[in-house]
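Chemist: Sharing a structure with you now.
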Ligand SMILES: Nc1ncnc2c1ncn2[C@@H]1O[C@H](COP(=O)(O)OP(=O)(O)O)[C@@H](O)[C@H]1O
Ligand SMILES: [Mg+2]
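Chains as they are written, first to last, in the working numbering: chain V, 1 to 380; chain H, 381 to 521.
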């Protein structure tokens with residue numbers, strides 16, 4: 001049971017007593033919000049009473065009479081400007097259009113016209129409470145969104161700062177010739193610095209992907225694309241890295257595999273899977289990627305992508321975390337591999353536009369298999 | 381010549397500290413997390429600990445510092461904390477003020493400047509037992 005605070009301003013004693021009596025006995029069930037609401041009513045008879053009441057208490061609901069001895073309800077409305085949600089109902093003796101417009105403009109939510117009975121009050125209060133709860137929920141949602149944003153940015157700042165600090169610390173060592181005068185002594189430091197720069201570059205491209213995805217459907221172009229062709233371009237772009245380490249990439253696609261989707265989205269998916277499968281692989285390892293359409297039903301829009309590798313694998317306890325932002329497995333095998341920890345979180349975001357899913361099976365030292373199911377965007 | 385334990389989750393920080401401190405003839409051991417660092421400290425009984433603030437939730441540097449200070453054998457080992465906090469905010473650790481709350485003895489900002497690290501390490505190694513900041517209040521966040 002939750003109690004909402006109501007401030008009632010009316011100069012007629014009868015109305016004050018009446019509303020107070022009705023609301024104090026009233027218990028409102030709002031199943032959509034799983035709430036049971038009761039009311040605590042404070043009643044005052046004037047503008048000055050109103051002003052002193054709001055000075056030291058926060059009210060959730062206001063019921064304001066339009067005509068008061070020392071002012072009018074619309075002026076009071078203008079004084080309610082607390083940042084937290086609140087809802088106002090106006091009472092008036094006669095409803096004129098201009099009054100309604102003026103009060104609404106100043107934030108009134110609803111009107112009751114005199115004379116009225118308990119059922120009219122209850123109905124108006126019910127509408128007001130529903131609206132109030134909606135405002136609250138919305139505000140919580142916004143607050144949560146801001147918090148997530150803030151956390152993201154502070155982690156990002158850390159992620160950007162660490163490589164810069166690492167490189168600058170190394171340069172400081174070099175400036176003071178800590179390892180002597182021979183450049184070859186610094187080979188490790190130089191290669192570590194280069195690897196940190198790669199991390200940062202990867203972070204920047206991933207961030208660009210992320211902003212593009214978060215911009216939503218605005219810049220998505222849904223058209224018929226050829227997944228086979230896109231895959232072979234992606235394979236080509238990682239092949240250089242793969243060949244250097246003797247890793248063989250095999251791709252299997254049935255037919256031309258045309259589908260309705262955004263081309264960049266599909267490139268992001270395939271690139272992330274492939275670069276991971278190569279990066280976290282072993283020398284002379286293998287990568288197999290296959291794309292197929294659900295064959296059980298020729299009209300089906302489901303597409304299956306499977307990417308398996310013979311790489312280092314992922315321990316059970318790390319598997320869930322990897323899809324979160326900036327999450328990377330830290331161990332001796334991954335230490336020297338550049339990455340941002342954003343790739344799989346981006347994959348997950350992309351998949352949400354295709355009502356898709358990603359699953360992982362993996363065994364340490366044996367390899368990993370990422371399986372994606374996604375739905376073609378139809379109606380084009 | 382002293383035994384120094386460096387604790388950081390970042391390989392490059394360990395590498396930098398090792399390179400710098402080795403040139404002064406110190407013996408260096410490294411640990412990649414706060415919990416590993418605490419275990420290695422018990423084994424190695426270092427004369428000084430270089431500890432990163434660390435972002436990783438479970439093994440964060442502050443926790444390691446508290447654990448070290450609660451350990452009878454390690455309590456009097458000076459701790460030098462590495463941080464890069466002052467870059468993010470204008471906030472700067474202040475030994476006089478924050479030293480009471482964080483049981484560490486000195487802060488060194490990243491990026492690491494070799495001379496600065498060496499002189500702070502030297503200074504801490506000469507600190508007497510009863511000057512070590514063994515106190516500190518747990519809930520600093
Ligand atoms: N195919 C794979 N084999 C082993 N580990 C993987 C594989 N793919 C991803 N990972 C692990 O998941 C983490 C997160 O991957 P990702 O989000 O793509 O970020 P990044 O590759 O930039 O680190 C990687 O750091 C790695 O530890
Ligand atoms: Mg990746």
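From the three backbone atoms N, C-alpha and C, an ideal C-beta is built for every residue, glycine too.
1) Taking 6 Å as the limit between beta carbons, can you name the residues of its chain near residue 73(V), skipping five residues before and five after?
2) Report buried or exposed for residue 108(V), applying the criterion of at least 16 other Cβ atoms within 10 angstroms of its Cβ.
3) In whole angstroms, what separates the C-alpha of residue 76(V) from that of residue 98(V)?
4) Tell me which residue opens and which closes the beta strand (DSSP E) that residue 286(V) is part of.
5) Starting from the C-beta of residue 265(V), find all residues in its chain whose C-beta is less than 6 Å away, skip the five residues before and the five after it, and write them out in chain order.
6) Measuring alpha carbon to alpha carbon, tell me which residue in 352(V), 23(V), 180(V), 9(V) is nearest residue 45(V).
7) Does residue 419(V) pass the burial test, meaning 16 or more other C-beta atoms within 10 Å, or should it be called exposed?
8) Please report whether the beta-carbon of residue 511(H) lies at a distance below 7 Å from any beta-carbon of chain V.
9) Could I get the ranges of all uninterrupted beta strand (DSSP E) runs contained in the region 249-278 of chain V, with 3 residues as the minimum, in chain order?
10) Report the partner residues of residue 108(V) according to the DSSP bridge assignment.
11) Sorted by chain position, which residues of the same chain lie with C-beta nearer than 7 Å to residue 418(H)'s C-beta, five sequence neighbours on each side aside?
12) Which of the residues in the region 387-399 of chain H, read from start to end, lie with their CB under 8 Å from any CB of chain V?
13) Is it the case that the Cβ atoms of residue 19(V) and residue 121(V) are separated by a distance below 7 Å?
14) Taking Cβ positions only, does residue 161(V) come closer than 7 Å to chain H?
15) If you measure from the beta carbon of residue 468(H) to each beta carbon in chain V, is any gap under 7 Å?
16) Would you say residue 277(V) touches ligand 4, meaning its beta carbon is less than 6 Å from a heavy atom?
17) List the residues of chain V that residue 494(H) touches, going by C-beta distances under 7 Å, in chain order.
18) My output table needs one value for residue 309(V): the three-state DSSP class, helix, strand or coil.
19) So, under 8 Å CB-CB, residue 400(H) and residue 512(H) are touching, yes? Tell me the CB distance rounded to an integer number of Å.
20) Please name the residue in 178(V), 278(V), 307(V), 320(V) whose C-alpha comes closest to that of residue 395(H).
21) Measuring alpha carbon to alpha carbon, tell me which residue in 432(H), 485(H), 420(H) is nearest residue 453(H).
22) Taking Cβ-Cβ distances shorter than 9 Å, what residues in chain V pair up with residue 407(H)?
23) Run through chain H and tell me which residues come within less than 7 Å of residue 168(V), C-beta to C-beta.
24) Looking at chain H, which residues of the region 317-340 of chain V have a Cβ within less than 7 Å of any of its Cβ atoms?
25) Which class does residue 454(H) belong to by DSSP, given the choice of helix, strand or coil?
26) Which one of 71(V), 80(V), 127(V) has the shortest CA to CA distance from residue 57(V)?
27) Taking 7 Å as the CB-CB limit, is residue 403(H) close to chain V?
28) Does chain V have any CB closer than 7 Å to the CB of residue 382(H)?
29) Rank 211(V), 336(V), 39(V) by C-alpha distance to the C-alpha of residue 59(V) and give the top, closest one.
30) Suppose you measure from the CA of residue 92(V) to the CA of residue 119(V); what does that come to, to the nearest Å?
31) Would the region 312-327 of chain V and the region 261-279 of chain V be scored as touching if the rule is three or more Cβ pairs under 8 Å?
32) For residue 392(H), which three-state DSSP category applies?
33) Which runs of the alpha helix (DSSP H), 4 residues or longer, sit entirely within the region 13-71 of chain V?
34) Just the Cα atoms here: how many angstroms apart are residue 422(H) and residue 3(V)?
35) Report back the beta-carbon spacing between residue 303(V) and residue 374(V) to the nearest angstrom; my notes put them in contact at under 8 Å.
Modeler: Reading from the atomic positions:
1) Within the same chain, residue 73(V) has close Cβ partners 64, 65, 66, 90.
2) buried
3) 17 Å
4) 286-293 is the extent of the beta strand (DSSP E) around residue 286(V).
5) If we look at residue 265(V) and ignore the five residues flanking it on each side, its Cβ neighbours are 350.
6) 9(V)
7) This structure cannot speak to residue 419(V), because chain V is shown only from 1 to 380.
8) no
9) 258-262
10) 88(V)
11) 444, 447, 448
12) 389, 390, 391, 392, 393, 395, 396, 399
13) Taking 7 Å as the Cβ cut-off, residue 19(V) and residue 121(V) qualify as a contacting pair.
14) yes
15) For residue 468(H), the predicted structure reports a pLDDT of 46, less than 50, and the residue's modelled location is therefore unreliable. A value from the coordinates is still provided. True, the Cβ-Cβ gap to chain V drops below 7 Å.
16) Looking for ligand 4 in the displayed structure turns up nothing; the ligands present are ligand 1 and ligand 2.
17) 172, 173, 176, 178
18) Assignment of residue 309(V) by DSSP, reduced to helix, strand and coil, places it in the strand class.
19) The pair is not a contact, with the Cβ atoms about 23 Å apart (cut-off 8 Å).
20) Answer by Cα proximity: 178(V).
21) 420(H)
22) Here the premise fails: no neighbours, minimum Cβ distance about 17 Å.
23) 491
24) Answer set for the region 317-340 of chain V: 330, 335.
25) Residue 454(H) carries a coil assignment under DSSP once its states are collapsed to helix, strand and coil.
26) Comparing alpha-carbon positions, the option among 71(V), 80(V), 127(V) lying closest to residue 57(V) turns out to be 80(V).
27) yes
28) no
29) Here the closest residue by C-alpha is 39(V).
30) Distance between the alpha carbons of residue 92(V) and residue 119(V): 17 Å.
31) no
32) In the three-state DSSP reduction, residue 392(H) falls in the helix class (H, G or I).
33) 13-25, 47-55
34) Using only the alpha carbons, I get a separation of about 56 Å.
35) About 5 Å; that satisfies the 8 Å criterion.
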